[in-house]
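For what it's worth, UniProt numbering labels the leading residue of the sequence shown as 1, then goes sequentially.
Input: a single structure, listed below in structure tokens.
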Amino acid sequence: MDPPRRETPLDMDPPRDDHRLSENRNGNGCGEAEGRLLKRPRPHPVHISAAEIAEEFSHNDPAVARVNNGSFGCCPASVLAAQLRWQRLFLRQPDEFYFSSLQPSLTRSRSLVLELINAAHLDEVSLVDNATTAAAIVFQHVAWSFIEGAFNPGDAVVMLHYAYGAVKRSIHAYVARAGGHVVEVPLPFPLSSPDEVVAEFRRALGLCRAGGRRVRLAVIDHITSMPCVVIPVKELTRICREEGVDHVFVDGAHSIGNVEVDVQDIGADFYTSNLHKWLFCPPSVAFLHTRGSSAATPRLHHPVVSHEYGNGLPLESGWIGNRDYTPQLVVPAVVEFVERFEGGLEGIRWRNHEKVVEMGKMLVESWGTLLGCPPEMSCSMIMVGLPGCLGISSETDAMKIRALLRDEFKIEVPIHYQSPPKDGEAAGATDESGAMVTGYARISHQVYNVEDDYCRLRDAVHKLVRDGFNCIQSAETFLWLCRKEFNIALREKHLLDFSQDFLSMEAVASFKDH
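Right, here's the structure in full:
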């Protein structure tokens, strides 16, 4: 199967010479190249080579097998260079940059985002710091709807159990404090079909209806962070419309550059995604799309109030005080970078997905475990079961394994703890030895990854198994080490609790100093 191809490129590289910009101005005070908001990029007759990709990401630590693009994303050298040019342009003459260049350049970036997500109108697209900021904008509006009496105390906000932690806390900080009732939709894991997600979501809305609660907002992840699963957002949005849910907010923090994002097709009232995770922007920048027909759109405000308050969310977000706006300005450079790849952004997504599934299958076959979901519910990330003999029995254990892989093997990968099923729940997953699988590695694939990164992870886990590593035993070893080396006179329970959080000798010494 060939990767998808783009029919047309998207945009051009940003200006490369700040002196030329200063000398060749058009009517808006920008350089000649900068003034054309929708000029198309130069075609690339030869696609980017493996050596060029390696050079673009030569700032990555070569000693580390980084199979965790999801947490912080990545930014190629050519885009970092474009960011530096913008920063120098600002520092050279800040006043002129503010009065002449900033807003037209932000508009240019928003125009490109509009094309990428198939938004209907430019005023539907705002640029903000990250998806957490976008969530705060939406939740702030919902909170004021409770405070001002548009919503009744006890009306519900529904979110997935696997919603991102900061988003969960934001819902409680804004909405629950204002009188909203928060409902979490439980999701099974591992998953075998999107139908399981749909069934649980319908059930949660039905329980709200049966309890006399009107659902004012549904918060739906496009890709859950941990565990990582692609959610059928279009179908869930349709169900919300059928059930009379007032607003739908899709948290697509991992989505753009990872899966197709078509906001008109999805149909949510609000949609956000980070541009620095999978779209190669420097940290941090995200977009918030607000559906033009939504009655809430004129009432949305940035939580940082500045001089543009009341002039519409795109302008409010475009100036929140003196700060570095360059992550928002390099979108044209990012577009030119992705167009160097066969198939453009779609081709990158396709290859990343194919490769991460291939590597995930290689790992589970080697470890005798299983994938956390079928390939069609994965993206450029996939959940890979770890051998049950590692004894992962808590989130702390998961962090312990992650730290061990980082410190001892130079491998960066997030680890998810999946608690065993409770009485009455379906049986949990087991490995080939019959041990319960309670830990999963979330592996990513981005253009800079090579197969050896995953082979190193495979071999590191095999070594832990061969050496008899077990999270519970390692805690007992830690306790013995504290007694023997430092003679710490504390009750065993407290010290054992502490050992669950820290494994290294440095942590022991730090604890002793306290």
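Cβ coordinates follow ideal geometry from the N, Cα and C atoms, glycine included.
Small disclaimer: the values here were computed from a predicted structure and weren't measured.
Nearest residue (CA-CA) to residue i, options the options
i, options, result
"M159", "L236, M399 and I266", "L236"
"V384", "C373, Y164, L390 and I266", "C373"
"V215", "D251, E148 and A204", "A204"
"S71", "S393, G310, N274 and P298", "N274"
"L390", "I472, M377, T430 and R456", "I472"
"V142", "I411, R177 and S111", "R177"
"P190", "R456, L371, N470 and H222", "L371"
"E115", "H161, C455 and L345", "L345"
"V413", "Q83, R402, S126 and P420", "R402"
"Q103", "T224, A441 and E316", "E316"
"V465", "Q446, N352 and I392", "I392"
"I147", "S109, L127, S126 and Y174", "Y174"
"P227", "L217, G180, A163 and E196", "A163"
"H302", "C74, L127, V219 and Q87", "L127"
"S58", "Y448, K463 and P188", "Y448"
"H181", "H172, L187 and D95", "H172"
"L89", "V125, A120 and S105", "S105"
"S192", "I231, G179 and S170", "I231"
"E260", "W350, S78, E243 and V304", "W350"
"A120", "H307, E200, D452 and R291", "R291"
"Y98", "A156, I256, N322 and P153", "N322"
"E451", "D397, S78 and K355", "K355"
"A429", "A156, P188 and A63", "P188"
"G73", "L405, L386, L404 and S380", "S380"
Neighbour-count burial assignment, residue i, 16 or more Cβ in a 10 Å radius
i, result
"G206", "exposed"
"L122", "exposed"
"D246", "buried"
"N60", "exposed"
"H276", "buried"
"Y309", "exposed"
"A136", "buried"
"K484", "Confidence at K484 is low in this model, with a pLDDT of 46, below 50, so the placement of that residue should be treated as unreliable; the coordinate-derived value is given next. By the neighbour-count rule (16 or more Cβ atoms within 10 Å), K484 is not buried but exposed."
"L422", "Before going further, note that residue 422 is Lys rather than Leu in the sequence given. Looking at its Cβ environment, which holds fewer than 16 other Cβ atoms inside 10 Å, K422 is exposed."
"G165", "exposed"
"T133", "buried"
"residue 567", "The shown model of the chain, from 1 to 514, leaves out residue 567, and the question about it has no answer."
"H222", "buried"
"V364", "buried"
"Q264", "exposed"
"L490", "Reliability of the predicted coordinates at L490 is poor, the pLDDT of 41 falling under 50, and no value is obtained from them."
"V357", "buried"
"V335", "buried"
"H289", "buried"
"H353", "buried"
"H445", "buried"
"D459", "exposed"
"R92", "exposed"
"N69", "buried"
"C240", "buried"
"S101", "buried"
DSSP beta-bridge partners of residue i
i, result
"A65", "I411"
"V128", "A286"
"H274", "Sequence check: residue 274 is Asn here, not His. The partner list for N274 (beta bridge, DSSP) reads A286."
"S433", "DSSP, once it has assigned bridges, lists no residue as partnering S433."
"Y417", "G439"
"M362", "Partner(s): none; M362 has no beta bridge."
"M377", "In DSSP, M377 forms no bridge with anything."
"S78", "BP columns for S78 are empty, so no partner."
"L217", "V157 and H247"
"S444", "M381"
"L371", "V384"
Opening and closing residue of the alpha helix (DSSP H) in which residue i lies
i, result
"G318", "L313 to G318"
"A427", "Where A427 is concerned, there is no enclosing alpha helix (DSSP H), given that its DSSP letter is neither H nor E."
"S170", "G165 to S170"
"I53", "A50 to E56"
"A156", "Careful: A156 lies outside any alpha helix (DSSP H), inside the beta strand (DSSP E) at A156 to L160."
"F337", "V331 to V338"
"K422", "Here K422 belongs to no alpha helix (DSSP H), and DSSP marks it neither H nor E."
"A461", "In the sequence under discussion, the amino acid at residue 461 is Val, which differs from the Ala named in the question. V461 -> alpha helix (DSSP H) spans E451 to R466."
"V197", "P194 to A210"
Terminal residues of the beta strand (DSSP E) in which residue i lies
i, result
"H181", "H181 to V185"
"I382", "M381 to G385"
Proximity test, Cβ basis, 8 Å: residue i and chain C
i, result
"N118", "Absent from the structure: chain C. Only one protein chain is present."
Identify every run of the alpha helix (DSSP H) within the stretch 219-267, keeping only runs that are complete inside it and at least 4 residues long; order them along the chain.
233-243 and 263-266
Within the stretch 93-117, note down every full alpha helix (DSSP H) run reaching 4 residues or more, in order along the chain.
102-117
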